[in-house]
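Presented below is the structure to which this report refers.
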Amino acid sequence: MSTPSDKNTTDSFLDTTLRPDTWDDYVGQSRVKKNLRILLQAASERNQPPEHLLFYGPPGLGKTTLAHLIAKETNSQIRITSGPAIEKVGDLASIITNLSEGDILFIDEIHRLNKNIEEVLYPAMESGVLDIILGKGPSARTIQLELPLFTLIAATTQMSGISAPLRSRFSGGTFRLEYYTKDEVKKILSRSAKILGVEIADDALEEIARRSRFTPRVANFLLKRCRDYAQVHKKKLDKLSAKEALELIDIDELGLNTIDREILSTIADKFKGRPVGLKTLSAAISEEESTIESVHEPYLIQLGLLERTSRGRMITEKGLAHLNKTL
Numbered sequence: 006m007s008t009p010s011d012k013n014t015t016d017s018f019l020d021t022t023l024r025p026d027t028w029d030d031y032v033g034q035s036r037v038k039k040n041l042r043i044l045l046q047a048a049s050e051r052n053q054p055p056e057h058l059l060f061y062g063p064p065g066l067g068k069t070t071l072a073h074l075i076a077k078e079t080n081s082q083i084r085i086t087s088g089p090a091i092e093k094v095g096d097l098a099s100i101i102t103n104l105s106e107g108d109i110l111f112i113d114e115i116h117r118l119n120k121n122i123e124e125v126l127y128p129a130m131e132s133g134v135l136d137i138i139l140g141k142g143p144s145a146r147t148i149q150l151e152l153p154l155f156t157l158i159a160a161t162t163q164m165s166g167i168s169a170p171l172r173s174r175f176s177g178g179t180f181r182l183e184y185y186t187k188d189e190v191k192k193i194l195s196r197s198a199k200i201l202g203v204e205i206a207d208d209a210l211e212e213i214a215r216r217s218r219f220t221p222r223v224a225n226f227l228l229k230r231c232r233d234y235a236q237v238h239k240k241k242l243d244k245l246s247a248k249e250a251l252e253l254i255d256i257d258e259l260g261l262n263t264i265d266r267e268i269l270s271t272i273a274d275k276f277k278g279r280p281v282g283l284k285t286l287s288a289a290i291s292e293e294e295s296t297i298e299s300v301h302e303p304y305l306i307q308l309g310l311l312e313r314t315s316r317g318r319m320i321t322e323k324g325l326a327h328l329n330k331t332l
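Under the numbering used here, residues 6 to 332 are what the sequence shown spells out, in order.
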């Protein structure tokens, strides 16, 4: 195993270190990239900032990375915040009024934005003005601040949590990011291994990609854990050592973790395969409903191990077979 170079000393900051910084390095999401490049080129030819954009999809698919690439492509400064971080109207006003002409404001998890704050965001997005109310009661008055032209890029994992009026104001478009293919994940892992200074066999890349949940963030996390295992045990990072490392952190051959398997086994064992409501399932495994619904459930459904019906969650025959169980 090679020693990482000096420029990789910050590789523990996974998202920052391994994030692609050119369009060519950004693997996958070809449909989204094609549309964005047309939109950016058209805006550049008009000498205008890009229109507001909304990205949605499961965590770890590259929404933040796309925002950074757009900022680099347009030579713009990017200001980053998140829905939960903006607690008051004054917080949003402070952020927006400090933007310069052509800046990009990136709001992650925008579905968690307070609805009162959304009302202030509408005119800022549409008309480039910020309406601020001073005082209370009969003496209250509104002042209007002119804003520089800016681009709002938002990301969310829960599209349904965004109100229709806010969704409609993303005039540049709304883009859904899809899960990656195994070959795309292998390309991402190969690039990441080079950045981290890791020598890795092709069959190890295959093994990690197969268990990555088709998600770059997860794949990079697994790569780093396999690297650590091989380094500590003085082994080459091949398929065997990768399997040993992944089994040690309890990631099985389909990429399921402990909670994923617990969801399936709870439905099979405690409820005898009968439909289970989300609240009941959450209480049974002591996990938050939102975590089950947004983190674990989508992947289990995608693999065909879990089924969501009007009566509740049900384990499929394929799910039972994976657990080596029968009803």
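For glycine and all other residues, C-beta sits at the position ideal for the given N, C-alpha and C. In this text, all values refer to a predicted model and were calculated from it rather than measured experimentally.
Notebook entry, point to check: Does the beta-carbon distance from K192 to R215 come in below 8 angstroms?
Noted result: In the sequence shown, residue 192 corresponds to position 187, counting from 1. In the sequence shown, residue 215 corresponds to position 210, counting from 1. In this structure, R215 does not lie closer than 8 angstroms to K192 by Cβ.
Notebook entry, point to check: Would you call the CB atoms of Y127 and P170 closer than 8 angstroms?
Noted result: Stepping through the sequence shown from its first residue, residue 127 is reached at position 122. Stepping through the sequence shown from its first residue, residue 170 is reached at position 165. Yes. Within cutoff.
Margin query: By the three-class DSSP mapping on this structure, what secondary structure does R313 have?
Written below: By one-based count along the sequence shown, residue 313 stands at place 308. Reduced to three states, the DSSP call for R313 is strand.
Item checked: Run of the alpha helix (DSSP H) containing F226, from where it starts to where it stops -> For this step, residue 226 is matched to residue 221 along the sequence shown. 221-237 is the span of the alpha helix (DSSP H), which, as asked, contains F226.
Note to self: Can you list, in chain order, the residues of its chain with a C-beta nearer than 8 angstroms to that of S246? Leave out the 5 residues immediately preceding and following it.
What the structure shows: In the sequence shown, the residue the question calls residue 246 occupies position 241. Only A209, C231, Y234, A235, H238, K240 meet the Cβ criterion.
Notebook entry, point to check: Taking DSSP as the reference, what is the three-state secondary structure of T22?
Noted result: Here residue 22 refers to the residue found at position 17 when the sequence shown is read from its first residue. Look at T22 here: in three-state DSSP terms it is helix.
Margin query: For I148, count the other beta carbons within 10 Å of its own beta carbon; 16 or more makes it buried, fewer makes it exposed. Which is it?
Written below: Sequence index remark: in the sequence shown, residue 148 carries index 143 (1-based). By the 10 Å Cβ count, I148 comes out exposed.
Check: Does DSSP put L242 in a helix, a strand or coil?
Finding: As a first step, residue 242 must be located in the sequence shown, where it is residue number 237. Correct three-state label for L242: strand.
Item checked: C-beta atoms of F60 and F180 nearer than 8 angstroms -> Position 55 of the sequence shown, counting from 1, holds the residue named residue 60. Position 175 of the sequence shown, counting from 1, holds the residue named residue 180. Cβ atoms of F60 and F180: closer than 8 angstroms.
Next item on the list: Please name the residue in L227, Y304, G65 whose C-alpha comes closest to that of E114.
Entry: Numbered from 1 along the sequence shown, position 109 holds the residue referred to as residue 114. Per the Cα distances, G65.
Next item on the list: Drop a sphere of 10 angstroms on the beta-carbon of L311, count the other beta-carbons inside from all chains shown, and report buried for 16 or more, exposed for fewer.
Entry: Here residue 311 refers to the residue found at position 306 when the sequence shown is read from its first residue. L311 comes out buried.
Check: Exposed or buried, which one is Q134 when buried takes at least 16 other CB atoms within 10 Å?
Finding: Here residue 134 refers to the residue found at position 129 of the sequence shown. A small fix is needed here, since residue 134 is Val in this sequence, not Gln. So V134 counts as exposed.
Notebook entry, point to check: So what's I320 in DSSP terms, helix, strand or just coil?
Noted result: In the sequence shown, counting from the first residue as 1, residue 320 sits at position 315. Three-state DSSP puts I320 in a strand.
Checklist line | Three-state class that DSSP yields for V281 in the structure shown | finding: Reading the sequence shown from its first residue, position 276 is the one you call residue 281. Three-state result, V281: strand.
Next item on the list: Less than 8 angstroms between the CB atoms is what I'm expecting for R196 and D30, so what's the real figure, rounded?
Entry: Numbered from 1 along the sequence shown, position 191 holds the residue referred to as residue 196. Numbered from 1 along the sequence shown, position 25 holds the residue referred to as residue 30. With a Cβ gap of about 7 angstroms, R196 and D30 count as contacting.
Note to self: Can you tell me whether Q53 is helix, strand or coil according to DSSP?
What the structure shows: The residue you call residue 53 lines up with position 48 of the sequence shown. Three-state result, Q53: coil.
Check: Where does D265 sit, in a helix, a strand or coil, going by DSSP?
Finding: To locate residue 265, count along the sequence shown from 1; it is residue 260. Residue state, collapsed to three classes: helix.
Next item on the list: Decide if D265 is buried, meaning its Cβ has at least 16 other Cβ atoms within 10 Å, or exposed.
Entry: Here the question's residue 265 lines up with position 260 in the sequence shown. That one is buried.
Check: Taking 7 angstroms as the cut-off, is the CB of M130 close to at least one heavy atom of the ligand ZN?
Finding: Absent from the structure shown: the ligand ZN. Ligands present: none.
Notebook entry, point to check: Smallest Cα separation from G340: which of K199, L251, H116, H57?
Noted result: The structure shown does not extend to residue 340, since the chain is modelled only from 6 through 332, so no value can be given for it.
Next item on the list: State the Cα-Cα distance for the pair T14 and I272, rounded to the nearest angstrom.
Entry: Here residue 14 refers to the residue found at position 9 of the sequence shown. Here residue 272 refers to the residue found at position 267 of the sequence shown. Here T14 scores only 44 on pLDDT, less than 50, and its place in the model should not be relied on; the value that follows carries that caveat. About 44 angstroms.
Next item on the list: Identify, in the order they occur along the chain, each residue of the same chain with its Cβ nearer than 7 angstroms to the Cβ of Q37, setting aside the five sequence neighbours on each side.
Entry: Residue 37 sits at position 32 when you count from the first residue of the sequence shown. In the sequence on display, residue 37 carries Val and not Gln. Result list for V37: F180, L182, in chain order.
Checklist line | Span of the alpha helix (DSSP H) around E131 | finding: Looking up residue 131 in the sequence shown gives position 126. Annotation: the continuous alpha helix (DSSP H) that includes E131 extends over 120-131.
Check: Exposed or buried, D108, counting other C-beta atoms within 10 Å across all chains shown (16 or more means buried)?
Finding: The residue labelled residue 108 in the question sits at position 103 within the sequence shown. Classification of D108: buried, given that the 10 Å Cβ count is 16 or more.
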